[in-house]
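What follows is a short report on a single structure.
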């Protein structure tokens, strides 16, 4: 897609959806969490299309 179209879609999303997120009416679905050291395993999960939601990399020490 041309950059102009990507910008327009992003702006439309922000205008229509972010108020719902801010109000707590919508939240991302978290499939799994991995420590940053296990980023390759997280990427393998994504490449294998095993996730049903977002894969989160924890960058702060536990």
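Numbering (this note's numbering), first residue to last: 5 to 66.
Quick reminder that beta carbons are idealized off the backbone N, C-alpha and C, glycines included.
Remember, it's a predicted structure, so these values are computed and weren't measured experimentally.
Query                                                                                                   : Result
Cβ separation of residue 57 and residue 32, assumed to be a contact under 8 Å, to the nearest whole Å   : 7 Å
Span separating the alpha-carbon of residue 55 from that of residue 27                                  : 26 Å
Close Cβ partners of residue 43 (< 7 Å) along its chain, the five nearest in sequence each way excluded : 61
Contact belief for residue 29 with residue 38 at Cβ below 8 Å, rounded distance in angstroms            : Residue 29 to residue 38, Cβ: 28 Å. No contact.
Through-space distance from residue 18 to residue 34, alpha-carbon basis                                : 21 Å
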